[in-house]
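Student: What follows is a single structure, and I will ask about it in a moment.
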Amino acid sequence: MSEKVRQRQDARREAVLAAAARIFAARGYQATSMHDLAAEVGLTKPSLYHYVRSKEEVLVTLYEAVLRDSTAAVAAIEAAASTAHAALREVVVERVAYTCENQALLRVFFEEEAGLPREQLEDVLQARRAYEDAVIALALRAADDGALEFRVPARIYVNTLLGAANWVYKWYDPDGRLAPRELGDQVASVLLGPPAAPADQSHARTASDPARPSAVPTN
Numbered sequence: 001m002s003e004k005v006r007q008r009q010d011a012r013r014e015a016v017l018a019a020a021a022r023i024f025a026a027r028g029y030q031a032t033s034m035h036d037l038a039a040e041v042g043l044t045k046p047s048l049y050h051y052v053r054s055k056e057e058v059l060v061t062l063y064e065a066v067l068r069d070s071t072a073a074v075a076a077i078e079a080a081a082s083t084a085h086a087a088l089r090e091v092v093v094e095r096v097a098y099t100c101e102n103q104a105l106l107r108v109f110f111e112e113e114a115g116l117p118r119e120q121l122e123d124v125l126q127a128r129r130a131y132e133d134a135v136i137a138l139a140l141r142a143a144d145d146g147a148l149e150f151r152v153p154a155r156i157y158v159n160t161l162l163g164a165a166n167w168v169y170k171w172y173d174p175d176g177r178l179a180p181r182e183l184g185d186q187v188a189s190v191l192l193g194p195p196a197a198p199a200d201q202s203h204a205r206t207a208s209d210p211a212r213p214s215a216v217p218t219n
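Following this line, the structure appears as structure tokens:
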């Protein structure tokens, strides 16, 4: 197979996956057939099977894409940020922006988990837990630095942050006045405060400061 043919097939497969996200989000995974998906992308049903083997494979691939993107984003943010608190705040901004930019895909991700085959569901849950663990590590570091306080277990705290960021898939209006990252910055400001000024980055208050209680360890 030539490189040009491979690229063309890859592009068509990506188009199929994007269409699947749209149609699953609009109709629901269970209510969508492979015939529906083929019609959405202008293929015959037999032709569709050149790009995907089953509806289940499509759903698993969509979940894998979200988890892969999410994990890579946290790693890149952590590597670039000057402090753990700045990294945690950027995770929220990025999460909101990613959700807004992929609204149909995230609707599928949050609402169609029941359609995953059992074996793949276990893999998805494990990957999601690993993502949460990476964000929890940032929150605990920020608390140790004195830049963050919370009196609940770290997993509850982080899942509350991520829940607020993720929930924008329900109400974000692409035609509204805020771009995805602008909205992300506003959500992060509500949850974590505005970005720290450069001079503040190296002067975090210590955990012994009575005005800033230390974090409860994760369970």
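Under the UniProt record's numbering, read the sequence shown as residues 1 to 219, first letter to last. Just so it is clear, CB atoms sit at the ideal spot from N, CA and C, and this is done for glycine as well.
Counting along the chain, where does the alpha helix (DSSP H) carrying T160 start and finish?
Tutor: The count along the sequence shown starts at 1 and reaches residue 160 at position 160. That run of the alpha helix (DSSP H) goes 154 to 166.
Student: Considering V190, what are the terminal residues of the alpha helix (DSSP H) in which it resides?
Tutor: Counting from one through the sequence shown, the residue named residue 190 turns up at place 190. Per DSSP, V190 belongs to the alpha helix (DSSP H) from 180 to 192.
Student: Does the distance from the C-beta atom of A81 to that of E90 stay below 8 Å?
Tutor: Within the sequence shown, the letter at position 81 stands for residue 81. Within the sequence shown, the letter at position 90 stands for residue 90. In this structure, E90 lies closer than 8 Å to A81 by Cβ.
Student: Taking the straight line between their C-alpha atoms, what separation do you get for I23 and D144?
Tutor: For the purposes of this step, residue 23 is taken as residue 23 along the sequence shown, with counting starting at 1. For the purposes of this step, residue 144 is taken as residue 144 along the sequence shown, with counting starting at 1. Between I23 and D144, the C-alpha separation is close to 45 Å.
Student: Tell me the DSSP secondary structure of L106 in three-state form.
Tutor: Locating residue 106 in the sequence shown gives position 106, where the first residue counts as 1. Residue state, collapsed to three classes: helix.
Student: Give the range of the alpha helix (DSSP H) segment to which T61 is assigned.
Tutor: Taking the first residue of the sequence shown as position 1, residue 61 is located at position 61. Per DSSP, T61 is one residue of the alpha helix (DSSP H) stretching across 55 to 80.
Student: Can you check which of these residues, A165, E112, R128, V152, is closest to K55 by C-alpha distance?
Tutor: Taking the sequence shown and counting its residues from 1, the one referred to as residue 55 is at position 55. Among A165, E112, R128, V152, the Cα nearest to that of K55 belongs to E112.
Student: Report, in whole angstroms, the separation of the C-beta atoms of E94 and A87, which I expect to be a contact under 8 Å.
Tutor: Taking the first residue of the sequence shown as 1, we reach residue 94 at position 94. Taking the first residue of the sequence shown as 1, we reach residue 87 at position 87. Actually they do not touch by this definition, with Cβ atoms about 10 Å apart.
Student: In this structure, does DSSP put D173 in helix, strand or coil?
Tutor: By 1-based counting over the sequence shown, the position of residue 173 is 173. In this structure, D173 counts as coil in the three-state DSSP scheme.
Student: In whole angstroms, what is the alpha-carbon distance linking N159 and R181?
Tutor: As a first step, residue 159 is located in the sequence shown; it is residue number 159 there, counting from the start. As a first step, residue 181 is located in the sequence shown; it is residue number 181 there, counting from the start. Their Cα atoms are separated by approximately 20 Å.
Student: Over what stretch of residues does the alpha helix (DSSP H) that includes V92 continue unbroken?
Tutor: Residue numbering aside, residue 92 sits at position 92 when the sequence shown is read from its first letter. Note, V92: alpha helix (DSSP H), 84 to 101.
Student: Given this structure, state the Cα-to-Cα distance separating Y92 from L162, to the nearest angstrom.
Tutor: Taking the sequence shown and counting its residues from 1, one reaches residue 92 at position 92. Taking the sequence shown and counting its residues from 1, one reaches residue 162 at position 162. The sequence as given places Val at residue 92; Tyr does not occur at that position. Approximately 7 Å, taken between the alpha carbons.
Student: For Q30, name the three-state secondary structure that DSSP assigns.
Tutor: Along the sequence shown, one-based indexing puts residue 30 at 30. Note: Q30 maps to coil in three-state DSSP.
Student: I need the straight-line Cα distance from M34 to T83, nearest angstrom please.
Tutor: Taking the sequence shown and counting its residues from 1, one reaches residue 34 at position 34. Taking the sequence shown and counting its residues from 1, one reaches residue 83 at position 83. Each residue's Cα considered, the two are about 47 Å apart.
Student: Sorted by chain position, which residues of the same chain lie with C-beta nearer than 8 Å to V168's C-beta, five sequence neighbours on each side aside?
Tutor: Counted from its first residue, the sequence shown places residue 168 at position 168. Correct list, in chain order: V96, T99, C100, L183, V187.
Student: Let me check understanding here. Comparing Cα to Cα, which of F150, V108, A11, D69 lies closest to Y51?
Tutor: Within the sequence shown, numbered from 1, the residue matching residue 51 stands at position 51. When only C-alpha atoms are compared, the closest one is A11.
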